[in-house]
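This report refers to the structure that appears directly beneath it.
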Amino acid sequence: MEKDCEEVHVVKGLPFKVVDLARETRKGVVASSLHEFIIRARGKLHIPESIPVKVVLEQDGTEVDDDEYFSTVEKNTTLMLLVNDEKWLPPGKTPRSRGLVYDETDACGGKFSKEKELESLVDRLQGDLSHISMLGGKELELLSNMDPESLTDIIPDSRIFLVQLKEASGRFLSEKQQAQDAMDLLKLYHGAQKETMVLNKKEKV
-8 MEKDCEEVHV
2 VKGLPFKVVD
12 LARETRKGVV
22 ASSLHEFIIR
32 ARGKLHIPES
42 IPVKVVLEQD
52 GTEVDDDEYF
62 STVEKNTTLM
72 LLVNDEKWLP
82 PGKTPRSRGL
92 VYDETDACGG
102 KFSKEKELES
112 LVDRLQGDLS
122 HISMLGGKEL
132 ELLSNMDPES
142 LTDIIPDSRI
152 FLVQLKEASG
162 RFLSEKQQAQ
172 DAMDLLKLYH
182 GAQKETMVLN
192 KKEKV
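Residue numbers (my numbering): -8 to 196.
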């Protein structure tokens, strides 16, 4: 029974969104206090505990520095997590020297960069799904191998879209591979024909 109570306690709080300075990563976080929000936001954005962070409103950069102010923030508000000495920037402004904080994560098999690429792809396709036909094999493979559940944080209420996108990407990838196989076969056939013609010429001579 105690375990059940603990599990209920875990999901208490209000839903918020958290972004990094570049606004390239957007995640959902449920928290009941500023401290809890920071802990969960660090995990979502892969920021080690050793790196100092600051929470501000994504809209105007107002700092959220205590629980009293945090309790006044409305649910579903987007908060920005700034690391080290980063300063808030309005939308459209590109921060310099971005990504230095994540060197440690990038080194672990490039997992972080793949996640960022996947999120960027999904965001682009959500705006215009017709772009899927212009994607390359590598991008289609990334989409067809994705876990839809892992992206529901950044795109709320979109599980069905993500599942359908995964299936569509798999079909497009399969078609591209079949087309590539057909081209390879055609090249082999063409090459064999050339060799036959050369041999026939030599025999005639």
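Where a beta carbon is used, it is the ideal one built from N, C-alpha and C, also for glycine.
None of the values given here were measured: they were computed from a predicted structure.
Using a threshold of 8 Å, state whether the C-beta atoms of residue i and residue j are closer than that.
i             : j             : result
leucine 131   : leucine 156   : no
arginine 31   : alanine 22    : yes
valine 9      : lysine 35     : yes
leucine 112   : leucine 133   : yes
proline 43    : asparagine 67 : no
threonine 187 : glutamate 110 : no
With 16 as the cutoff for other CB atoms within 10 Å, does residue i come out buried or exposed?
i               : result
phenylalanine 7 : buried
methionine 71   : buried
methionine 125  : exposed
methionine 137  : buried
serine 160      : buried
lysine 18       : buried
aspartate 51    : exposed
glutamate 77    : buried
leucine 116     : buried
leucine 38      : It should be pointed out that residue 38 corresponds to isoleucine in this sequence rather than to leucine. Under this definition isoleucine 38 is a buried residue.
leucine 177     : exposed
leucine 12      : buried
glutamate 49    : buried
isoleucine 29   : buried
alanine 183     : exposed
Using 8 Å for Cβ pairs, my map puts residue i next to residue j. What's the rounded Cβ distance?
i            : j            : result
leucine 5    : aspartate 57 : The Cβ separation is near 16 Å, so there is no contact.
lysine 45    : leucine 73   : 5 Å
glutamate 40 : arginine 33  : 7 Å
lysine 167   : glycine 128  : 6 Å
Which partner residues of residue i appear in the DSSP bridge assignment?
i         : result
valine 21 : Pro6
I'd like the ranges of any alpha helix (DSSP H) spanning at least 4 consecutive residues and lying wholly in the stretch 39 to 81. 58 to 61
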